[in-house]
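These notes are about the structure you will find just below.
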Amino acid sequence: MIIERFLTWFDTAPQAEKAAATSALARAYLLSPMEEEEAGLAEAAMTVVLDDECPEVRMALAEALADHDQAPRHIIMALASDNIAISSLVLSRSPLLLDAELIDIAMTGACEQQFAVASRYMPSLAVCDAIATHSQLRACTELLCNETAELSLVALDTLAGRFGDNPDIRGLLIRRPDLLPRTRVLLLEKLSVAYGEEAERSEGMSPVRKEQLIRETCEKATITYAAQVHEEDLREIVETLVNSGRMNAAFLLRAICMGNIALFAAALAHLADMPIPRVEAVLAESRTGAFRALYSRAELPLSAFSVFSTAIETWRTLLAGHDEVDPARLPYLVTREVLKTYHPDSDGQVDALLVLLR
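For the sequence shown, our numbering gives the first residue as 5, with consecutive numbering after it.
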């Protein structure tokens, strides 16, 4: 009887009163004990409210029902398809929405709707993957800020690839401890590009100098990062650099001079298709012939062999020496020795290589 009176009154009531009454009706449906017939009438009344032309009335219904798993699902689905404000509220809170429905919104919804899905409490891995792969920047930023969202390593890698140029996304990703090595290498590359562009704007440097700065910054950051990882991650870093075309003689010489012999060994092992322990043994011993064969098999430029050989031999000598040397000075000493012993000739490739160390 109460529900029938509500429907009779609802048609002519002022909008503000209709919104308050709708909220009260929804709360009563959820919280008050009702006979089955009365609950059915209340559900029918809420269905009528869906057609009200006033968005404030429909919003009142959405706010009352959104958090409850006992809300009528067909009403929740209708509200989820309402205007952006009402839809976003329901999408961000309702436990009745299925992953398939949320994934569809992540793929095809409006920006505000995607943001709402990204802000949900504990979104599933599948939903997070869909947001990372398909949603717009704002939703992806919200996903990374959502402390209850558990993202897969692949999703994080996808976000780095799609939005790593954005400083907010890049910053949120770099601070995370759970990144694949290839993801962090990619972010370091994008960070270096951003640094170079900022330097170009502020210092007015030439495009050529900017590219040099980007390359140098990126290589140094990558080599420094690679010095902190385990062997398995080091292999992945090497594969990433090879696949991206960034593994070259200049990079490897810089790695040696910076003291990351492990990275050089892993790269040489990958390029020569040999086990890392065998490569490390060759580098640890003073066997020029064995190193030359390994170097040649890796298809590094033969004209630069003496430079690499000098760098490796200098490291061996310094590490085996009895004189105490400040570890922080070792890269400088190696670089100085390489530059001191090299005699320029007609090979411009080697000269260009050594310019990087000056």
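Cβ coordinates follow ideal geometry from the N, Cα and C atoms, glycine included.
Keep in mind it's a predicted model, so treat the numbers as computed, not measured.
Check	Outcome
Minimum length 3: unbroken beta strand (DSSP E) runs contained in the segment 97-161	none
Boundaries of the alpha helix (DSSP H) in which H274 is found, first to last residue	I265 to A276
Rounded straight-line distance, which links the Cα of L334 to that of R320	11 Å
With 16 other Cβ atoms within 10 Å as the buried cut-off, status of S36	exposed
Length of the line joining the Cα atoms of Q74 and A104	20 Å
A110 and V121 closer than 8 Å at C-beta	yes
Chain-order list of residues whose beta-carbon lies under 6 Å from that of V242 (same chain, five-residue window excluded)	A270, A271 and H274
Neighbourhood of T196 by C-beta distance below 7 Å, restricted to the same chain and skipping five residues each side	It is Ser, not Thr, that sits at residue 196 in the sequence shown. Counting only Cβ-Cβ distances below 7 Å, and skipping sequence neighbours, we find I218, T221, C222 and A225.
Cα-Cα separation, I107 to L69	22 Å
Straight-line gap, F167 to L183 (C-alpha atoms, nearest Å)	15 Å
N264, buried or exposed, once every other Cβ within 10 Å from all chains shown has been counted against 16	buried
H234 in three-state terms, based on DSSP	coil
Start-to-end residues for the alpha helix (DSSP H) that takes in M209	First-last for M209: undefined, no H or E at that position.
Rounded C-alpha distance that separates D277 from L157	28 Å
Any non-hydrogen atom of the ligand COA closer than 7 Å to V311 Cβ	With respect to small molecules bound, the structure shown includes none, and the ligand COA cannot be examined in it.
Spatial neighbours of I90 in its chain, beta-carbon cut-off 7 Å, leaving aside the 5 residues before and after	P59, R62, M63, A66 and L83
C-alpha distance - F312 paired with M251, whole-angstrom precision	15 Å
Straight-line Cα distance separating I178 from E284	31 Å
Coarse secondary structure for P279, derived from DSSP in three states	coil
Same chain, Cβ closer than 7 Å to D169, five either side skipped, listed in chain order	K194
Cα-Cα separation, R188 to P99	35 Å
Nearest residue (CA-CA) to V338, options E39, D330 and T314	T314
Same chain, Cβ closer than 8 Å to C115, neighbours up to 5 away in sequence not counted	Q140, R142 and A143
Beta-carbon spacing of D172, T145 below 8 Å	yes
Cα-Cα separation, T26 to E57	14 Å
Close Cβ partners of L34 (< 8 Å) along its chain, the five nearest in sequence each way excluded	A68, L69, H72, Q74 and A75
Coil, strand or helix - E21 by DSSP	helix
Among D55, E42, E40 and A32, the one whose alpha carbon lies nearest that of F14	D55
Cβ neighbour criterion (16 or more within 10 Å) applied to V212	exposed
Short Cβ contact (8 Å threshold) for P305 with D237	no
Outcome for V131 when other beta-carbon atoms lying within 10 angstroms are tallied against a minimum of 16	buried
Beta-carbon contacts of V286 that lie in its chain and below 7 Å, excluding the five residues immediately before and after	A294, F295 and L298
Cβ distance (whole Å) where R258 is taken to contact I227 below 8 Å	6 Å
Outcome for H138 when other beta-carbon atoms lying within 10 angstroms are tallied against a minimum of 16	buried
Selection from N150, S210, S248 and E154 that minimises the alpha carbon distance to L190	S248
Run of the alpha helix (DSSP H) containing C261, from where it starts to where it stops	A253 to C261
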